[in-house]
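Numbering (UniProt numbering), first residue to last: 1 to 213.
Remarks on the structure that follows.
This is the structure in C-alpha cells:
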C-alpha cells in the first residue's frame with residue numbers, strides 16, 4: 001500500500017511537470033520521470049512478491065476473509081431483528097385509537113377601570129419581559145455567529161489558487177484552509193476541503209499545523 005501511494009504521488013508529479021514542459025528546467029522534468037520509473041519498478045516487484053507468497057500468508061488472508069464474512073452475517077442478523085422491531089412498533093402505533101387534541105381554556109382578564117390619572121386600563125396578570133432577554137432572543141450574539149473553530153488538527157493555508165488537471169487532485173483558492181490527511185512524498189500532500197479530498201502540490205501551501213511524525 002505504501003509503494004502504491006508513493007507511485008501515485010510521483011505519477012501525479014511527473015504528469016504535472018510534463019504538462020509544464022518548456023516552462024520548467026528539463027533537469028527537473030528528467031528527475032521527476034526517473035523517480036516515477038523507480039517507484040513503478042518497486043511497486044511491480046512488491047506485487048510480484050505478493051503473488052508468489054507462501055501458503056501460510058494465503059491461509060492468514062483466508063482466515064481474515066472468513067472473519068469478515070462472519071462479522072457481516074452477524075450485522076445482517078442484528079439489522080433484520082431491528083427492522084422487525086420497528087415494524088412491530090409501527091403496527092402497534094397504527095392500531096391505537098387517535099387521541100383528540102383539546103386546547104387549554106384561555107385565561108380571562110378583568111379590564112376594569114383604573115383610578116390612575118391617565119385613565120388607562122389595568123390587565124392582570126401582566127407578563128413581564130425584560131428588555132435584555134427580549135434583545136437576546138431576537139438577535140443571536142456575535143460571538144456565536146463569528147466563532148472560529150481552533151486549529152486542533154493538521155492543516156495548511158493555500159498560498160495560491162490551484163486548479164486540478166488530473167483525476168484525484170484537489171482544487172482550492174488562495175487563503176483556503178485545507179485539512180491535511182497524509183504526505184504522499186516530498187512534493188505532494190493529501191488533504192480535504194469542503195467535503196472533497198485529493199492530492200495537491202506541497203509548494204502551493206503553508207503548513208499551519210504539521211502532520212504527526
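No residue lacks a Cβ here, since even glycine has one placed at the ideal position from N, Cα and C.
The structure presented is a predicted model; accordingly, all values stated were derived computationally and were not measured.
Reduced DSSP secondary structure (H/G/I, E/B, other) of residue i
i           : result
residue 77  : helix
residue 160 : coil
residue 198 : strand
residue 186 : coil
residue 169 : strand
residue 138 : No answer about residue 138 holds up, because its pLDDT of 45 lies below 50 and its placement is not dependable.
Contacts around residue i, its chain only, beta-carbon distance under 8 Å, and the 5 residues preceding and following it disregarded
i           : result
residue 81  : none
residue 214 : What the structure shows of the chain is the stretch from 1 to 213, and residue 214 is not part of that stretch, so it cannot be assessed.
residue 175 : 157 and 158
residue 197 : 170, 181, 190 and 191
residue 193 : 170, 172, 176, 177, 178 and 179
residue 149 : Residue placement at residue 149 is poorly supported in this model, since its pLDDT is 41, which falls under 50; the coordinates still yield a value, given next. Taken in chain order, the list of residues that qualify is empty.
residue 166 : 12, 15 and 16
residue 212 : 154
Alpha-carbon to alpha-carbon, residue j and residue i
i           : j           : result
residue 67  : residue 74  : 11 Å
residue 205 : residue 40  : 27 Å
residue 10  : residue 60  : 32 Å
residue 24  : residue 46  : 33 Å
residue 37  : residue 7   : 9 Å
residue 210 : residue 179 : 10 Å
residue 155 : residue 20  : 28 Å
residue 188 : residue 49  : 27 Å
residue 90  : residue 76  : 21 Å
residue 186 : residue 202 : 8 Å
residue 79  : residue 62  : 26 Å
residue 94  : residue 162 : 56 Å
residue 88  : residue 44  : 56 Å
residue 207 : residue 22  : 29 Å
For residue i, the residue or residues it bridges with in DSSP
i           : result
residue 213 : Residue 213 is not bridged to any residue.
residue 179 : 155 and 192
residue 206 : 157
Neighbourhood of residue i by C-beta distance below 7 Å, restricted to the same chain and skipping five residues each side
i           : result
residue 116 : Residue confidence is low: residue 116 scores 47 on pLDDT, short of 50, so the model does not pin down where it sits. No coordinate-derived value is stated.
residue 18  : 29
residue 153 : 179 and 209
Contact set for residue i: own chain, Cβ-Cβ below 6 Å, skip 5 residues either direction
i           : result
residue 14  : 32, 33 and 36
residue 164 : 171
residue 160 : 174 and 204
residue 168 : 198 and 199
residue 84  : none
**Study point:** Completely contained alpha helix (DSSP H) runs for the UniProt domain "BAR" (1-95), where each covers 4 or more residues
**Key:** 2-19, 26-51 and 55-95
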